[in-house]
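I have placed the structure first, in the form of structure tokens, so that the comments after it can refer back to it.
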Amino acid sequence: MAKCAVCEKGAHFGNNVSHSNRKTPKIWKSNVKSVRVKTENGGTKKMYVCTSCLRSGKVERA
Ligand SMILES: [Zn+2]
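So the sequence shown is numbered by our numbering: it starts at 50 and just counts up by one.
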């Protein structure tokens with residue numbers, strides 16, 4: 050999960066850095082929703098789509 054089926058945006062990685070410069074591993078998860086999407090042959094299917102693809106209309110919700 051946590052990966053968009055349209056643009057393949059997924060989690061990305063880095064460190065939390067405290068004021069004393071200690072580093073702790075951190076994962077930023079993309080805002081991916083499970084949505085029912087209209088397919089070209091008139092049916093619907095469930096896909097994981099990020100909210101930026103939903104907002105820009107790259108998929109049509111059922
Ligand atoms: Zn996306």
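All C-beta atoms, glycine included, are put in the ideal place defined by N, C-alpha and C.
Straight-line gap, residue i to residue j (C-alpha atoms, nearest Å)
| i | j | result |
| --- | --- | --- |
| valine 145 | alanine 51 | An answer regarding residue 145 cannot be provided, because it is not within the stretch 50 to 111 covered by the chain. |
| serine 105 | valine 81 | 14 Å |
| valine 86 | tyrosine 97 | 9 Å |
| valine 53 | asparagine 70 | Residue identity differs from the one stated: residue 53 is cysteine in this sequence, not valine. Straight-line Cα distance between these residues: approximately 33 Å. |
| proline 74 | histidine 68 | 15 Å |
| lysine 95 | serine 83 | 7 Å |
| arginine 110 | glycine 63 | 33 Å |
Check: residue i C-beta below 7 Å from any heavy atom of ligand 1
| i | result |
| --- | --- |
| serine 83 | no |
| lysine 58 | yes |
| valine 86 | no |
| valine 55 | yes |
| valine 66 | no |
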